[in-house]
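Residue numbers (my numbering), protein chains in the order written: chain A, 19 to 584; chain B, 857 to 1043.
Here's what the structure looks like:
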């Protein structure tokens, strides 16, 4: 048990140690200063020339958002087109069929928005062409979109008054060439040399030692899995995601994948500080996020290491902890750590089945997505946190009787309205969606019996988890839910769209409005935003808005189940 | 919007070549140097491919070490966990039934010696490993079924117990069973 705990502590510290220099590097890249991969500049110029773009044209916040939405629309049509026709397109050695329109709609949106909710299994649901041209491609560009949007906010928060906040395409392409592609190459090489397949050959049929005929699925796994983690996407090549021994062959690859998905969200926090030359601000943000993260991690690790009490009662040996849905090569602690990092960060890949976790571990996974602000996804995590930050500035300003100001800009009614809409949208989507599902199910339990794999409180948790995951753009699931039905495909698809683009547009709009305002140098009358006191304030705001809104729903699901078990 | 549409199309095409073409091609090229050229590492018995080194397979005959229960019955054409919740009564009954079966197949073993991983399904349904305790508890059955000395089987298990830095100790069941067949044939 001690070794297992050392393993996860070491992994976290290693990730942090890499995130600091990476944050410094990213700040330099996006400020256009000299940095390590400058030799790629001709490649970038080639990309811009081929696309007919002027990457030096400065954009207002509205122009940024129009550029982002337009290209996202193109990607959506591309993805829909391929998913609906993949059965008759090349690179389909296993002869998998084309997707039904509702499933294709859900899948295309899900990967477009960096969520990666999967209502199919990769082995039978996608051709290799779709895995590469739809899935791998969208995993790159959706992550780069999030990072670019965050950099727009960085740019807007500088100490000046301006309408112009850089060029969207410039940030977007550099996120790919300077970060995501090189990082993915490194991770994919680790995977390939540890046993992840990278081939275009189809399933291999073989007869096992005992004489059973089976087939083994494979494909271009390593390349896809690398960007799946690094871009905080989370959608697996195989149905079992990173629990699959070909997607995550050993403890080392598990650590490498887990590090990859945490490192960019952490680095972006530090990049903010380097970019704005306000390192204390980024330490405050990092501190708040880390307190939240650890508060969710500790119970999950504890309950998973101690096993299922109902199985303990049978008198068997549970020295490895709760092993249902977990793999022996990772163990309970590394599985719990993975599950919490993947839910506070909107990656949503799994190396063990969340549906089978102990009730309170499941609740901490849910809370990670419900707060959606502890580290968060590539770029977008910081945007969610930014909305909380604005609310905290406003409330704290009112409490001490000062004009609410953030980084020398006045926070006024318009910014507050946007921040409140963005933060309240999240609980609204989750709770209304779950209520609709629960109502539908209860109205006719026999018709919808295939929805739930588990009865009672846990069944409710499965529905709550699905909408939480969709609204947090997370993509993991309590996979017992029979979710490939028109109801789930369409309802979560709509939630995904709203929950992706409004929380990007909102914070960028706030930043754009702030950038236009007059800069007021900080003085004795300013409420400093980079202190521990203010950090506590932000934490309280997150707790009040996010956690308390969900308490009644959690009481009906995981909390009730906990008390029925312990 | 119109000003953005054409560049968006062109940029998408360029990035498709880069992210979905060149990048996977590079990894594929590197994979040619990896074990079995990136097609997945296979294991052979008597010259015939009998499995993938990392992918668990089904063993239910008494003379083989049994792996963990699997929600996909070890058919690696798919992969999945059971997704059973911890308080599900049906699930707990299934675990109890697996315990009874195990105790019947392994006479002399007490239930507190049976590690829970032998009674619970893995996340992928293809978990190739067991913990050393999960193997040890089956040694007596194997020795009897194969007419081997318990000590010989134990030493084979020791040779196949993998430990690496920070990782849980584990035994690859397929490799162990392969070695077991080899030893038995030699005798």
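Where is the CB? At the ideal position from N, CA and C, for every residue including glycine. Just so it is clear, the structure is predicted and the values come from calculations on it, not from any experiment.
In terms of beta-carbon proximity, residue 484 of chain A stays away from the interface with chain B, with every pair separated by 8 Å or more. Around residue 864 of chain B, the beta-carbon contacts reaching into chain A at under 7 Å are 88, 89 and 92. Residues of chain B with a Cβ closer than 7 Å to the Cβ of residue 376 of chain A are, in chain order, 942.
The three-state reading of DSSP puts residue 107 of chain A in coil, since its state is none of H, G, I, E or B.
Annotated three-state conformation of residue 37 of chain A is helix, per DSSP. At least one beta carbon of chain B lies nearer than 8 Å to the beta carbon of residue 211 of chain A. For the region 341 to 362 of chain A, residues whose beta-carbon sits nearer than 7 Å to a beta-carbon of chain B comprise 341, 342, 343, 344, 345, 346, 347 and 349.
Beta bridge pairing from DSSP links residue 223 of chain A with A:233. Against chain A, the beta carbon of residue 883 of chain B has neighbours under 9 Å at 202, 203, 206, 207, 209, 210, 216, 238, 240, 241 and 244, listed in chain order. Cβ contact annotation for residue 257 of chain A (same chain, cutoff 7 Å, sequence separation greater than five): 139, 140 and 141, in chain order.
Put simply, the CB of residue 1016 of chain B is far from chain A, with every gap to its CB atoms at 8 Å or more.
According to the DSSP assignment, residue 904 of chain B belongs to no alpha helix (DSSP H) but to the beta strand (DSSP E) extending over 904 to 908. Listed along chain A, the residues sitting closer than 9 Å to residue 983 of chain B by beta-carbon distance are 261, 263, 344, 345, 346 and 347. Boundaries for residue 554 of chain A: no beta strand (DSSP E) harbours it, while the alpha helix (DSSP H) harbouring it runs 550 to 560, taken from the DSSP string.
Between residue 227 of chain A and chain B, the shortest Cβ-Cβ separation is below 8 Å.
For the set A:370, A:433, A:187 and A:164, the Cα lying nearest the Cα of residue 865 of chain B is the one of A:187. Listed in chain order, the positions of the region 364 to 375 of chain A with a beta carbon within less than 8 Å of a beta carbon of chain B are 368, 369, 370, 371, 373, 374 and 375.
For the region 325 to 402 of chain A, there is no continuous beta strand (DSSP E) assignment of 3+ residues that stays within its boundaries.
For residue 915 of chain B, the neighbours in chain A by C-beta distance under 8 Å run, in chain order, 227 and 228. Only those residues of the region 469 to 481 of chain A whose C-beta falls short of 9 Å from the nearest C-beta of chain B are listed: 471, 472, 473, 474, 475, 476, 477, 479 and 480. Listed by position along chain A, the residues whose Cβ is nearer than 9 Å to that of residue 867 of chain B are 65, 66, 68, 69, 70, 71, 89, 92, 187, 190 and 191.
In the three-state reduction of the DSSP assignment, residue 423 of chain A falls in the strand class, which pools E and B. Each residue's CA atom was taken as its position, placing residue 482 of chain A and residue 382 of chain A some 13 Å apart. About 5 Å separates the beta carbon of residue 175 of chain A from that of residue 425 of chain A, a gap short enough to meet the 8 Å contact definition. In the same chain as residue 30 of chain A, and ignoring 5 residues on each side of it, no C-beta atom comes closer than 6 Å to its own. In the three-state reduction of the DSSP assignment, residue 967 of chain B falls in the helix class, which pools H, G and I.
Sequence-distant Cβ neighbours of residue 136 of chain A in its own chain, meaning closer than 6 Å and more than five residues away, are 253. Within the region 564 to 584 of chain A, contact with chain B at the beta-carbon level (separation under 8 Å) is assigned to 579, 582 and 583. Between the region 104 to 115 of chain A and the region 545 to 563 of chain A, the count of Cβ pairs shorter than 8 Å is below three; the stretches do not touch. Here residue 19 of chain A carries a coil assignment [DSSP, helix/strand/coil]. Per DSSP, the continuous beta strand (DSSP E) segment holding residue 901 of chain B begins and ends at 898 to 901.
Per DSSP, residue 991 of chain B lies in no beta strand (DSSP E); the unbroken alpha helix (DSSP H) holding it starts and ends at 988 to 992. In chain order, 336, 340, 342, 376 and 583 place their CB closer than 8 Å to the CB of residue 326 of chain A, counting only its own chain and leaving out the 5 sequence neighbours on each side.
In terms of Cβ geometry, residue 274 of chain A and residue 207 of chain A do not form a close pair [threshold 8 Å]. For the 8 Å CB-CB criterion, residue 266 of chain A and residue 369 of chain A form a contact.
By a beta-carbon distance limit of 8 Å, residue 264 of chain A contacts residue 239 of chain A. Their separation comes to about 6 Å.
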